[in-house]
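Taking it in order: structure first as structure tokens, then the write-up.
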Amino acid sequence: MRPLFVLLIGVIASSTASIFVRNAQSDASSIVIAAYRVAIATVMLSPVVYIRQRRVLIGMGSKEWMLAMASGGFLGLHFVTWITSLEYTTVASSTILVSSLPIFVALLSPLFLNEKPASVLYFGMTLAIIGGAIMALSDTCVVTGITVSCPSWRSFFQGSAMYGNGLAVLGAIFGAGYFMIGRHMRVRLPLLTYIFVVYGMAALIMLLIVWITGSPILGYGKETYLWFLLLAIVPQLIGHSSFNWALGYLPVSYVTVAVIGEPVAATALAWMILHEGLSWLHIVGGALCLAGIGYTSSKA
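Numbered continuously in the numbering used here, the sequence shown closes out at residue 317.
Right, here's the structure in full:
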């Protein structure tokens, strides 16, 4: 199978996540949706890991398990914050802002990985920040033709869309934590073992939070369980696996650019299926943000 075709499948599969989440949110809370997403993915990976890599799993040391727990915690928080953001803001804003993960990796790498970012990265970061600010305006302000009418600064920062955008950015930060730990762990573990352990840890942590908060884990409608299943299979297993497989055959820059296509495809699906409209301000902000993310990723 051609790598570019697999990459295209990955982009399309990953872009469906926000649609499945939106449908599931009519019946379930965001933390429950996130828990089911990784729990089902873990269960589906179990037979493959047992048959092919159980010796690697058994041979993991205490340090690997601690790192896996930390990575799973970051992954769980990434999903919870991003999924919750979809309750308050548009699919376009949520998916584009959460895709700013490479920028936070570049910013945090000097602190945790002793990797100094190249000075050229700051140009991409600046573009993304400007684009993100414009998108925040487009979600809160009223756009009529070329005229933009915005509320007071206090109302602007207290608006639900701003809260949702903030959660999406927080999701990107947690995702950066997951990614940076993954860099370290992938040297020690095969990919399949790594994602199985991390997904499992994320599922356990989130199920514990579900239990502590008193959110119901059972009792949902058949359609909701279908959305849970689709969320685990399509964007989680097919989407993420396609990107990881393609990395073995294509340069990282190819895969990075393809991943940036995810929010574009998600926005198109939201327009077609959820009937979410976009103003010119949203398009300009999104384009700048994606350009900044793409530039930062290609130079990192």
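Think of the CB as a built atom: it goes at the ideal place given N, C-alpha and C, for glycine as much as any other residue. Here the structure is a predicted model, which means the values were calculated and not measured.
query	result
Contacts around Ile190, its chain only, beta-carbon distance under 7 Å, and the 5 residues preceding and following it disregarded	Phe121
Counted within 10 angstroms of its Cβ, other Cβ atoms place Tyr67 as buried (16 or more) or exposed	exposed
CA nearest to the CA of Ala52, picked from Ile113, Ser63, Gly217, His299	Gly217
Buried versus exposed, by CB contacts within 10 Å (16 or more), Gly199	buried
Segment contact, 8 Å Cβ cut-off, at least three pairs: the stretch 69-86 with the stretch 282-297	no
Supposed close pair Ile57, Ile100 - CB separation, criterion 8 Å	Going by Cβ atoms, the distance from Ile57 to Ile100 rounds to 15 Å, so no, they are not a contact pair.
As assigned by DSSP and simplified to three states, the class of Thr33	coil
Beta carbon of Ser47 nearer than 7 Å to that of Ala283	no
Ala283 (DSSP reduced to helix, strand or coil)	helix
Proximity test, Cβ basis, 7 Å: Phe196 and chain B	Judged by its chain identifiers, the structure shown contains no chain B, having just a single protein chain.
Ile229 versus Gly90: straight-line alpha-carbon distance, rounded	16 Å
Same chain, Cβ closer than 7 Å to Leu254, five either side skipped, listed in chain order	Ala58, Met61
C-alpha gap between Ile234 and Val227, whole angstroms	7 Å
Residue burial classification, Glu279 (beta-carbon count within 10 angstroms, cutoff 16)	buried
Within 7 Å, strictly: CB atoms of Leu144 and Leu305	yes
Distance CB(Leu114)-CB(Ala185) smaller than 7 Å	yes
Simplified DSSP assignment, three categories, for Met77	coil
Exposed unless 16 or more other CB atoms sit within 10 angstroms - verdict on Arg54	buried
Leu206 versus Val215 - alpha carbon distance	11 Å
C-beta atoms of Thr98 and Gly188 nearer than 7 Å	yes
N-terminal and C-terminal residue of the alpha helix (DSSP H) that Ser177 is part of	177-202
Assigned secondary structure, Thr107 (DSSP; H/G/I helix, E/B strand, else coil)	coil
Contact check, Gly302 vs Met152, beta carbons under 7 Å	yes
Own chain residues within Cβ distance below 7 Å of Leu118, not counting five before or after	Ala189, Gly192, Ala193, Phe196
Reference Ser296, options Gly231, Leu209, Asp44, Ser166, closest by Cα	Ser166
Coil, strand or helix - Arg19 by DSSP	coil
Reference Leu307; option with closest CA among Gly93, Ser63, Val281, Leu286	Val281
Distance CB(Trp244)-CB(Phe96) smaller than 7 Å	no
Run of the alpha helix (DSSP H) containing Met218, from where it starts to where it stops	208-230
Unbroken alpha helix (DSSP H) run spanning Ala263, endpoints	257-263
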